[in-house]
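The next block holds one structure in the form of structure tokens; read it before the comments.
There are 2 protein chains.
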Amino acid sequence: MRSDEKDTAAPKGEGTATAHRLAAKQQEISVTEFFEKNKQILGFDSRSKSLLMGVKEAVDNSLDACEESGFLPDVIVRIDRLAEEDYKVYIEDNGPGIVHKMMPNVFGRLLYGSRFHALRQSRGQQGIGISATVMYGNITTGKPAHIRSRIEGEDEVAWQMDIVIDTKINRPVVTNDKAFTWDGKEHGTSVEYVTKGRYITGRQSIYEYLRNTAIVNPHARIEFRDPEGKVTVFERATEQMPPKSKEIKPHPEGMEIGDLLKYAHNTAQKTMKAFLKSDFSRITDRIATEILELSGVSPDAKPSGLDRDQSVRIIEAIAKVKIMAPPTDCLSPIGDTLIKKGLMHVLEGMRPEYYATPVTRPPKSVNGNPFTVEAGIVYGGEIPSEGQVTILRFANRVPLLYQQGACAVTKSIMEIDWRRYGLEQRGGKGIPFGPAIILVHVASTKVPFTSEGKEAVASYPELQAEISQALKLCARSLKSHLNKMERKQKTHAKFEIVQEILPDLAKKSAEMLGRPVPDLSRTITKIMNVVWIEPSSKRVDKRRREVSYEIYNYTAQERTLRLHMRLPRECVTLAMFKNPRFLDMNDEGKANWEVCGLAPSTSARVSFELEGELADTFDIDDVYVSGINPVHVMGAEALPGDWGIKGLEITETDESDLAEEEEEAAEAEDLGDE
Amino acid sequence: MRSDEKDTAAPKGEGTATAHRLAAKQQEISVTEFFEKNKQILGFDSRSKSLLMGVKEAVDNSLDACEESGFLPDVIVRIDRLAEEDYKVYIEDNGPGIVHKMMPNVFGRLLYGSRFHALRQSRGQQGIGISATVMYGNITTGKPAHIRSRIEGEDEVAWQMDIVIDTKINRPVVTNDKAFTWDGKEHGTSVEYVTKGRYITGRQSIYEYLRNTAIVNPHARIEFRDPEGKVTVFERATEQMPPKSKEIKPHPEGMEIGDLLKYAHNTAQKTMKAFLKSDFSRITDRIATEILELSGVSPDAKPSGLDRDQSVRIIEAIAKVKIMAPPTDCLSPIGDTLIKKGLMHVLEGMRPEYYATPVTRPPKSVNGNPFTVEAGIVYGGEIPSEGQVTILRFANRVPLLYQQGACAVTKSIMEIDWRRYGLEQRGGKGIPFGPAIILVHVASTKVPFTSEGKEAVASYPELQAEISQALKLCARSLKSHLNKMERKQKTHAKFEIVQEILPDLAKKSAEMLGRPVPDLSRTITKIMNVVWIEPSSKRVDKRRREVSYEIYNYTAQERTLRLHMRLPRECVTLAMFKNPRFLDMNDEGKANWEVCGLAPSTSARVSFELEGELADTFDIDDVYVSGINPVHVMGAEALPGDWGIKGLEITETDESDLAEEEEEAAEAEDLGDE
């Protein structure tokens, strides 16, 4: 980076010679030229990836536009193979459309956009994606992109044009610009371009991207026609738009001096105090005064006159003053259910053993940009256990399919000691092994991607810390499940031994003495002295799952008790309510059942069907009892006080038992140890 | 990315409203604003990393400039801590200097440089690095960067100035621009800036970066003063500049249509044929004619008139015509010795067991940019064996310390099944475990970095394939070493048994019969019937290592033989030549030794000292024999025919032995199997 003008003095020594030689070469690089020569930075580094990038940019924009205008997104994606590596890509949406005059810049100019300066969660933020796609098409095939758009209103016409980017000056070159009638199209935009590419299937395919997108954007309908002509429709799962993310003002926290100066010099406000109060979020009159006093800047000073020293002092003051965290309605997390559905879909029918409770972290902010992290884990069952765990990454509801290794999500996962949470991991570092799938979603007003290709999230310490937090919380719920399973197995084993060994002993001794074999059921009951709850589950068909609890009364007295569990509400079938043992269920799906007067050495059964996608997410071991002294129960925990619904009072007085119970438990122990 | 002008018709429906609302927000984004808001893309995502990035950019530029002007680089790096997170960074070089007028643009304007369009290997290529560093300093501390520069020549004065970047328009703002006398400085440039940062030590520290840089740039002297004031000097290891990489013309291979069009419209040539011949490398008159015929474009057509269809046809034609691979003098690989030294340095004194022969691949080209890949592996000894292997990455002689997971190098390593090559690796995928360090260097006229931060190389399929090739070749040499060791151990074990068991038997039977114990040495010799060569090595002091070969003649006849090995030439000490058994050594360090008339049941010794850094890289098991029937030798292989130097003819006629030999070997087997 050494330089000079062409007309400088003639070279002298070697060094001078070089200084001038280099100078002659020195020149400005247009941003388009830069990216043209560094396509990989935009994600265009292999033909297969390039094809995906284009679709991704277009679809992301379509979803953004629809959400901003309140239209439920209807997106159409079509890919036609023209030759070995030539494809025609067509994406159409029902968004608000683009007013004619600006169509060229939107598609034909890099670093041009409407969301760059906006502080709200959106998919496109850089003003690069779609024009880069158009450019890549131009460069690789020499063909222009064909754009059509219509904005709402009877008297509006649709416009279409061909666009090529002049990379030398980063400006659109438009041809065939004309109005037309877009039959049956009230409003929306379509882009069609020809590009070099390679269509692939599998983990990093366009199909996979669209499917993942549909999952975390259930309000969108996406129709996809692949090069073979096969059409897949990802139907709208809900008519309800996600809560619209609000635009906020910059939050002073973590702002750099340069930012402050820029804001100050561009503000419409006349005084520093007014500027601080009106141009930032969470700065009240009191706080503004406090900041200005601390920094020794006059409240009436002109913001335009703010100099670097003053702004340094203000930044320092901001760090000292306690300011409320940024508002969070600028974010729209995907939430519990969608996280579970996301995980479920990758399972493709495999039955897992356990869904850890998904976590959504309270928002924090980095460089004044609010962000929140969500995580979910699914474990065991039919998930293959040899390989590394599968990682699903999302940013602002966009699935990230490439650069896993570069992502803060992956790094956080690699730094957690998963052995503590029941997963295999050599040396407590690196991606863990085992039957698990981990999902993480980062939502922010500005996701810090590692490159313009938007494939991985950069490892800002603050961000990575939050991801780790979310993951650990999730992992804890997994761990406690695994512990519970382990405890259960142990006691199980012990009691089974009692049930097997005693009759054996009796039989043998009876034979030796030539006596009839005595009936031991009551003795066994006496020794066991528990109410045994045995959950089981089986699939009825693809959508239906039967769950049942067998309750054995291995105690000497009659028992009455209640069962409590939290069911995925949308999966509960009407039949359940008719079940005589069913009592009631609240909005959270917390259901109560009652078993009355269960005689010693007899058993009862509580069973019901769950129907629909989420049926599998219910953990049958997550069952609680009330109305009985928990020490007499095996296979269910005591109903926690904070469970929110009323259990059954313990009526029976168990003193006698309690005394007995201990020694007998001990007895059982001994037997168990054989 | 939807937009319009401010003055468009009033909103109608929701959609229109949005179209217009968005339109109002639509605007151009200055490249500086973009990077200001996306610092992480430039590598400025954590304070510690940011501090490193700045130093890296400045030092890379200094080395580039010095090499271009033929000055042996003298670089000074000083870091002072001003406050908690405020640092002053100073970098000075003895480069050609920058002519006064252009200093502002070089340091105060992004996307401005001299190497962007040049097709030759250099460190800086984007025209972003150093100005981004200046910008980051401005933004985080509000302080300008202070630049000084002087170009060679008595009548030249030095100039200094303060530079701040106006991010709104991406232009430098200069203050305090004045000439001064730079005492004792003939030519060179210094940059000083204040920045937010955090100084760390360890794997990703500035110290580590400078040390690695010094290793692969032995012609540079780097002086470093850390914030504690501790000065480290990485002295010049050679006065010889690396071969200067030549600038080449674009190679037609893999060129995109867009590239061709741009070249055609900018060329000075008047006809298509002249254009193809003069503006590209490897296009001869014949080839130019062939291409134009195939594409049906007239040789006399004006390049300026070339249209897209024609250029599509020309690109297609180029793919069909056989064109010579691009010239490679535009690249400068680091080579065998530096690779070994690079590996050695990370060892920090740990003694490895084996250095695999480094590999330098013949250059290929991607998108018309020539590139070559080098790889080296060091294994075993004191290298810790629990964790994953250590990976060292270099691009154009610059060490890459961040984003390992995003790098094509890492991906290639993860996709190789290292179990085949003797390393541990679960499922044959992922980073292998074991006592090994892997080094990879990618050199290219345009390294495809994944982002402007230049921390990882993008996974172009062509590039990744080459990296895998280099690694596999290297791994093979490792594997064959491991095999050799295994074979050796086995036979070793067997023969040791012979030597232990026989005397035992003899002793016992003698005792039982109350007879004196017979001397079995001749019997053992008869059974062994081998010349046993036992290499050993021990450290004399930090720089010296003693290597010796004990030669036992366990055969019935007198033996004369030669030993051959390839020594690291620079480590050979004069003493060696005086050794009576030493014959001669050639330029490659291939040395010959002779042992004459070694009587049965006696032994001789060949030993010498190696001195200096590379002493450890010599593999003592890499020894060959001649002048004797190899079936009678244990511990050395027969001298290969292509070894290049003459061995000793086999004189003795071994027929008798050969017959004997077999049954006795069999005998030995039996004993061995007990």
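Each protein sequence line maps, in turn, to chains F and H.
Take the first sequence: its position 169, counting from 1, is numbered 1392 in the numbering used here, and each next residue is one higher.
Take the second sequence: its position 81, counting from 1, is numbered 1304 in the numbering used here, and each next residue is one higher.
Beta carbons: idealized from backbone N, C-alpha and C, even for Gly.
As assigned by DSSP and simplified to three states, the class of residue i
i: A1542(H); result: helix
i: E1284(F); result: Note on residue identity: the sequence assigns Asn, not Glu, to residue 1284(F). It is helical.
i: P1684(F); result: helix
i: T1746(H); result: helix
i: P1593(H); result: strand
i: C1794(H); result: helix
i: L1782(H); result: One detail in the question is off: residue 1782(H) reads as Arg in this sequence, not Leu. R1782(H) falls in the strand class under three-state DSSP.
i: K1730(F); result: helix
i: Q1712(H); result: helix
i: H1664(F); result: strand
i: T1697(H); result: It is worth fixing the name first, because residue 1697(H) is Cys in this sequence and not Thr. Helix, per DSSP.
i: V1721(H); result: helix
Buried or exposed (CB count within 10 angstroms, at least 16 for buried), residue i
i: E1885(H); result: Low local confidence applies: a pLDDT of 48 at E1885(H) is under 50, so the model's placement there is unreliable, and no value is given.
i: R1371(H); result: buried
i: N1592(F); result: buried
i: R1738(F); result: exposed
i: Q1348(H); result: buried
i: D1482(F); result: buried
i: M1547(F); result: exposed
i: E1375(F); result: buried
i: H1243(F); result: buried
i: Q1611(F); result: buried
i: V1728(H); result: The question names Val, yet the displayed sequence has Leu at residue 1728(H). Its Cβ having fewer than 16 others within 10 Å, L1728(H) is exposed.
i: A1232(F); result: Summary for A1232(F): the model assigns pLDDT 40, below 50, so the residue's position carries little reliability, and this model does not support an answer.
Contacts that residue i makes with chain H (C-beta to C-beta distance below 7 Å)
i: I1480(F); result: I1362, T1363, T1364, G1365
i: E1259(F); result: G1481
i: E1251(F); result: L1334, Y1335
i: N1242(F); result: The sequence given here places Ala at residue 1242(F); Asn does not occur at that position. Simply P1319, G1320, I1321, V1322, I1374.
Neighbourhood of residue i by C-beta, 6 Å cutoff - its chain only, sequence neighbours within 5 removed
i: S1759(F); result: S1771
i: A1679(H); result: Q1626, A1629, C1630, T1673
i: K1366(F); result: V1417
Neighbourhood of residue i by C-beta distance below 7 Å, restricted to the same chain and skipping five residues each side
i: T1255(F); result: L1333, M1358, I1388, T1390, N1393
i: E1176(F); result: The shown model of chain F, from 1224 to 1897, leaves out residue 1176(F), and the question about it has no answer.
i: E1836(F); result: K1564, M1567
Sheet register partners of residue i (DSSP bridge)
i: W1382(F); result: S1372(F), A1402(F)
i: P1758(H); result: Y1772(H)
i: A1814(H); result: M1788(H), M1808(H)
i: P1395(H); result: I1388(H)
i: M1857(F); result: W1755(F)
i: K1311(F); result: D1303(F), V1417(F)
i: P1622(H); result: F1617(H)
Contacts of residue i in chain H (Cβ-Cβ under 9 Å)
i: T1404(F); result: Result: empty, since nearest Cβ-Cβ is about 17 Å, beyond 9 Å.
i: T1633(F); result: G1628
Interface partners of residue i on chain F, CB under 8 Å
i: K1248(H); result: S1337, R1338, H1340, A1341
i: K1467(H); result: Those within 8 Å of K1467(H) in chain F number zero; the least Cβ separation is about 11 Å.
Contact set between residue i and chain F, taken where Cβ atoms lie within less than 9 Å
i: K1669(H); result: K1260, N1261
i: I1774(H); result: Those do not exist, as I1774(H) stays about 44 Å from chain F at its closest Cβ, beyond 9 Å.
Residue i: CB within 7 Å of a non-hydrogen atom of the ligand SAM
i: R1620(F); result: With respect to the ligand SAM, the structure offers nothing, as it holds no ligand at all.
Residues that residue i contacts on chain F, provided the C-beta gap is smaller than 7 Å
i: A1681(H); result: Q1263, D1268
Nonlocal neighbours in the same chain, by C-beta distance under 8 Å from residue i, ignoring five residues either side
i: S1691(H); result: S1635, E1638, I1639
i: K1761(H); result: R1768, E1769
Closer than 8 Å at the beta carbon, the chain H residues around residue i
i: F1254(F); result: Correcting the residue identity first, residue 1254(F) is Val in this sequence and not Phe. The contacting residues are V1254, L1334.
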